[in-house]
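Student: One structure follows; several queries about it will come next.
Numbering (the numbering used here), first residue to last: 1 to 534.
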């Protein structure tokens with residue numbers, strides 16, 4: 001123990017249960033809370049009164065309430081009561097909530113047949129007394145809790161117009177939603193005709209949702225008049241006809257990201273007022289005409305565009321599809337472009353360009369999805385649109401189904417240094433390519449140094465025929481690093497000494513192997529051959 005002329009110094013020991021956290025500055029606690037997962041942030045709120053006050057005021061803290069309404073379940077009445085009680089507790093405790101309600105099981109669709117055309121159409125079934133009571137009970141609880149809800153998602157199957165207009169919307173118009181950041185109303189099965197679609201009420205959220213930034217609407221119409229609650233939205237997703245809407249800028253003046261599905265080419269002009277404010281535009285367009293390229297031209301001013309074109313079987317509009325205006329800004333970029341050509345989750349061919357390898361880093365993105373195109377039409381569209389861009393492309397990622405299209409689209413790719421090929425067919429070695437390369441054309445890639453083959457089904461390890469690569473690519477005098485991820489190469493793809501061109505051999509014995517690597521299972525994962533003459 002320390003001592004002095006004034007006697008023994010006081011002990012510096014503290015009780016083992018001493019609360020050191022009370023000496024932590026609130027600013028430091030808030031910085032820590034910024035990086036906590038939601039579960040840990042809720043746990044932190046139970047530490048002490050001080051932490052509880054800081055955590056409850058933190059923007060990242062919310063309670064998630066999800067409800068899947070299934071009236072066939074015996075415990076559904078109790079589940080509904082617990083959900084409503086949870087909302088009541090959060091409202092009275094002034095705690096933020098994220099609410100998701102799935103009504104698909106109580107709003108199923110019926111199939112009707114048009115007596116004139118014989119075509120089948122989905123139609124809404126009348127609600128039962130039990131389903132109406134459930135909707136009323138839950139929506140009343142939601143309407144009472146709008147003051148604390150930060151995210152509200154309502155999913156329906158095929159509801160009647162009356163269900164939405166009489167049992168849902170009135171409760172959403174009861175009060176303001178000062179905390180609401182995202183609102184989604186999704187009708188999965190759209191009934192026909194459009195006149196059966198209800199309209200979003202003018203006084204949604206009592207006209208006040210100042211934080212509402214993200215709005216998703218499907219199966220409901222937006223009136224031509226502005227809706228005050230939507231005026232602050234910066235991201236809008238619509239899966240509904242733009243009936244009577246001439247200028248979307250009047251409805252969502254702050255929108256920066258817009259997604260539209262079911263758009264007709266005749267409505268494209270309604271998007272023109274938005275070209276100076278939008279940062280990202282995604283839409284599906286049908287009803288194309290031969291002047292579709294001119295209709296799309298003004299939209300090329302938007303930095304990020306993703307367009308799905310639906311080609312009618314009876315038209316030859318594919319011959320007139322030109323995306324040249326969308327590529328002008330890309331050509332002016334100082335960095336080489338990244339090209340991706342594959343089939344996305346939709347199963348349709350998708351072409352995408354960006355000015356960076358990572359989408360998160362890209363400032364300019366152009367994506368085009370083609371629905372209804374035959375193989376010959378797709379080949380013609382891609383060749384006409386891609387050939388002028390060959391000198392600007394530095395990286396290519398392509399699905400193996402489209403590998404043989406590269407020689408049709410490019411004579412040379414002078415700055416391309418990396419090519420990634422995705423393989424998703426375990427029986428690739430026995431199947432003929434989707435697009436035949438009958439003319440023997442090859443793409444000259446003088447700067448290629450990385451060829452990466454990646455399996456989308458690594459558990460099956462597809463066997464790739466080296467001939468497919470050799471018949472498409474003609475590299476230069478740079479040793480190409482071949483990498484295999486979940487793929488095995490049938491035969492060997494070597495490079496000839498001197499010109500560096502590819503050749504297919506059974507064994508690479510006698511060739512100058514600069515590098516050879518294996519994965520953890522002993523499979524060949526990388527190989528590189530020298531191209532200098534001995």
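Idealized CB from N, CA, C, for every residue including glycine.
Might you give, ordered along the chain, the residues of its own chain that have their beta carbon closer than 6 Å to the beta carbon of residue 281, omitting 5 neighbours on each side?
Tutor: Result list for residue 281: 258, 302, 305, in chain order.
Student: Return the chain-ordered list of same chain residues with a C-beta closer than 7 Å to the C-beta of residue 376, the five sequence neighbours on each side being excluded.
Tutor: Result list for residue 376: empty, nothing under 7 Å.
Student: Rounding to the nearest angstrom, what Cα-Cα distance links residue 423 and residue 347 in this structure?
Tutor: So the alpha carbons of these two residues sit roughly 15 Å apart.
Student: Beta carbon of residue 390, beta carbon of residue 311: below 7 Å?
Tutor: Contact: no.
Student: Going residue by residue through the region 80 to 111, where are the continuous beta strand (DSSP E) segments of at least 3 residues, counting only ones entirely within it?
Tutor: Correct list: 97 to 102.
Student: For residue 387, count the other beta carbons within 10 Å of its own beta carbon; 16 or more makes it buried, fewer makes it exposed. Which is it?
Tutor: That one is exposed.
Student: With a threshold of 16 other CB atoms inside 10 Å of the CB of residue 430, please say whether the residue is buried or exposed.
Tutor: Low confidence applies here, because residue 430 scores a pLDDT of 47, under 50, leaving its location unreliable; read the following figure in that light. Classification for residue 430: exposed.
Student: Whose C-beta lies closer than 8 Å to the C-beta of residue 517 among residues of the same chain, with five residues either side of it excluded?
Tutor: Around residue 517: 524, 525, 526, 527.
Student: Out of curiosity, what's the CA-to-CA distance linking residue 211 and residue 240?
Tutor: Approximately 24 Å between the Cα atoms of the pair.
Student: What are the partner residues of residue 474, as DSSP defines its beta bridges?
Tutor: Answer is 444, bridged to residue 474.
Student: Please report the distance separating the alpha-carbon of residue 434 from that of residue 368.
Tutor: Roughly 20 Å separates the two Cα atoms.
Student: Provide the residue(s) that pair with residue 216 in DSSP beta bridges, ordered along the chain.
Tutor: Paired residues: 184, 237.
Student: Select from 122, 102, 271 the residue whose C-alpha is nearest the C-alpha of residue 110.
Tutor: Residue 122 is the option with its Cα nearest to residue 110.
Student: Along the chain, where does the beta strand (DSSP E) that runs through residue 416 open and close?
Tutor: Unbroken run through residue 416: none, as it is neither H nor E.
Student: Let me confirm a value: residue 616 is counted as buried when at least 16 other C-beta atoms fall within 10 Å, else exposed. Which label applies?
Tutor: The chain is shown only over 1 to 534; residue 616 falls outside these bounds and no answer can be derived.
Student: Please identify the residue among 290, 284, 309, 275 whose C-alpha is closest to the C-alpha of residue 300.
Tutor: Per the Cα distances, 275.
Student: Where residue 455 and residue 165 are concerned, what is the direct C-alpha to C-alpha distance, given to the nearest angstrom?
Tutor: For residue 455 and residue 165, the distance between alpha carbons rounds to 50 Å.
Student: Between residue 63 and chain E, is any beta-carbon pair separated by less than 7 Å?
Tutor: Absent here is chain E; the protein component of the structure consists of one chain.
Student: Assuming residue 132 is part of the alpha helix (DSSP H), what are its boundary residues?
Tutor: Looking at the DSSP string, the run of the alpha helix (DSSP H) that includes residue 132 is 129 to 144.
Student: Which residues in the same chain have their Cβ closer than 7 Å to the Cβ of residue 292, if we skip the five residues on either side of it in sequence?
Tutor: Excluding positions up to five away in sequence, the list reads 265, 317, 320, 321.
Student: Within its chain, find whatever has a CB closer than 7 Å to the CB of residue 340; leave out the 5 residues flanking it on each side and keep chain order.
Tutor: If we look at residue 340 and ignore the five residues flanking it on each side, its Cβ neighbours are 352, 397.
Student: According to the Cβ coordinates, are residue 73 and residue 148 closer than 7 Å?
Tutor: No, these two residues do not count as a Cβ contact at 7 Å.
Student: The alpha helix (DSSP H) that contains residue 460, what's its start and end?
Tutor: Per DSSP, residue 460 belongs to no alpha helix (DSSP H) and is neither H nor E.
Student: Quick one, are the C-beta atoms of residue 531 and residue 479 less than 7 Å apart?
Tutor: Yes, they are a contact pair.
Student: Mind reading off the beta-carbon distance from residue 277 to residue 256? Whole number of angstroms is fine, and I expect it under 8 Å.
Tutor: Residue 277 to residue 256, Cβ: 7 Å. Contact.
Student: Between the Cα of residue 469 and those of 460, 420, 509, spot the shortest distance and give me the residue it belongs to.
Tutor: The residue with the shortest Cα to Cα distance from residue 469 is 420.
Student: Measuring alpha carbon to alpha carbon, tell me which residue in 313, 272, 298 is nearest residue 288.
Tutor: Of the listed residues, the one whose Cα sits closest to residue 288 is 313.
Student: What first and last residue would you give for the alpha helix (DSSP H) that runs through residue 404?
Tutor: From DSSP, residue 404 is part of no alpha helix (DSSP H); its letter is neither H nor E.
Student: Is it buried or exposed, residue 519, if we count other Cβ atoms within 10 angstroms and call 16 or more buried?
Tutor: Flag for residue 519 reads exposed.
Student: Looking only at its own chain, which residues have a Cβ that is under 6 Å from the Cβ of residue 482, when we skip the five neighbours before and after it?
Tutor: Within the same chain, residue 482 has close Cβ partners 451, 527.
Student: Using the Cα positions of residue 137 and residue 199, report the straight-line distance between them to the nearest angstrom.
Tutor: In a straight line, the C-alpha of residue 137 is about 22 Å away from that of residue 199.
Student: For residue 237, collect the residues of the same chain with a Cβ closer than 6 Å to its Cβ; drop the 5 residues on either side in sequence, then sort them by chain order.
Tutor: 216, 259, listed in sequence order.
Student: By the DSSP assignment, the alpha helix (DSSP H) with residue 325 in it spans what residues?
Tutor: 324 to 331 is the extent of the alpha helix (DSSP H) around residue 325.
Student: Within the same chain, show all residues whose beta-carbon is closer than 7 Å to that of residue 409, passing over the 5 residues directly before and after it, in chain order.
Tutor: Excluding positions up to five away in sequence, the list reads 382, 383, 386, 387.
Student: What did DSSP end up calling residue 369 once you bin it into helix, strand or coil?
Tutor: Strand.
Student: Report buried or exposed for residue 116, applying the criterion of at least 16 other Cβ atoms within 10 angstroms of its Cβ.
Tutor: Looking at its Cβ environment, which holds fewer than 16 other Cβ atoms inside 10 Å, residue 116 is exposed.
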